[in-house]
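Asker:
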Amino acid sequence: MESGGCKRCGSDLSVKSGRVRGLQRYRCKTCGYHFTATPARGKPAAMKALVVLLYAMGNVSFCSIARLLHVSDVAVLKWVRTEARKLPIPEVAGETVVVTLDKMWHFLKKNRQALGLACV
Numbered sequence: 102m103e104s105g106g107c108k109r110c111g112s113d114l115s116v117k118s119g120r121v122r123g124l125q126r127y128r129c130k131t132c133g134y135h136f137t138a139t140p141a142r143g144k145p146a147a148m149k150a151l152v153v154l155l156y157a158m159g160n161v162s163f164c165s166i167a168r169l170l171h172v173s174d175v176a177v178l179k180w181v182r183t184e185a186r187k188l189p190i191p192e193v194a195g196e197t198v199v200v201t202l203d204k205m206w207h208f209l210k211k212n213r214q215a216l217g218l219a220c221v
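Per my numbering: the sequence shown ends with 221, consecutive numbering throughout.
1) I'd like to know whether the C-beta atoms of E192 and V153 end up nearer to each other than 8 Å.
2) Using 8 Å as the limit for Cβ to Cβ distance, is C164 near chain D?
3) Leaving aside the five residues before and after W180 along the sequence, list all residues of the same chain whose C-beta is less than 7 Å from its C-beta, in chain order.
4) To which residues of the same chain is L225 closer than 6 Å at the C-beta, ignoring the five residues directly before and after it?
5) Within the same chain, show all residues whose beta-carbon is closer than 7 Å to that of V161, passing over the 5 residues directly before and after it, in chain order.
6) Restricting to Cα atoms, I'd like to know which of S173, R128, C132 and K130 is closest to K144.
7) Can you find the residues in the same chain that come closer than 8 Å, C-beta to C-beta, to V222, ignoring five residues on each side of it along the sequence?
8) Taking the alpha carbon of G119 as the reference point, which residue from K108, C110 and H135 has its own alpha carbon closest?
9) Which residue wins for smallest C-alpha separation from A146, given the options V177, T139, L188 and G133?
10) From this set, G133, V121 and R122, which residue's C-alpha is nearest R109's C-alpha?
As structure tokens, this is what we get:
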């Protein structure tokens, strides 16, 4: 059979049953389900993996990848985000050191240079 089997039960016993939206329609002899032999939707997994690899290299932007593969930049963004959610959250190794800066010192130093009081 050209249909590739029933989409509900997987049986290869199907007969032609007219046309719908310009596509051949089939009826499963086992379960009576009507279906069309349509190609799979979406892009191949290999293309999505290539997108993630190109973006992870760090030298290629979303728009450049989209132009290269003839897809939208939003699709590239969604594919990268989907793969990023699968990764574990990175853990920070070592201790965190907090550094505070004296804002007044920076303010006074900037004003001295602006007023011409370079060295005091």
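Using N, Cα and C, we set each Cβ at its ideal position, and we do this for glycine too.
Answerer: Taking the structure as given:
1) E192 places its beta carbon 8 Å or farther from that of V153.
2) In the displayed structure, chain D is absent; only one protein chain is listed.
3) Cβ neighbours of W180 within its own chain (closer than 7 Å, five residues either side excluded): K149, V152 and V153.
4) Since the first residue of the chain shown is 102 and the last is 221, residue 225 is not available in this structure.
5) For V161, where only same-chain residues beyond five positions count, the Cβ hits under 7 Å are L155.
6) The residue with the shortest Cα to Cα distance from K144 is S173.
7) Any question about residue 222 goes unanswered here, given that the chain covers just 102 to 221.
8) Checked all of K108, C110 and H135; the closest Cα to G119 is H135.
9) Closest by alpha carbon: V177.
10) Of the candidates G133, V121 and R122, the one whose C-alpha sits nearest the C-alpha of R109 is G133.
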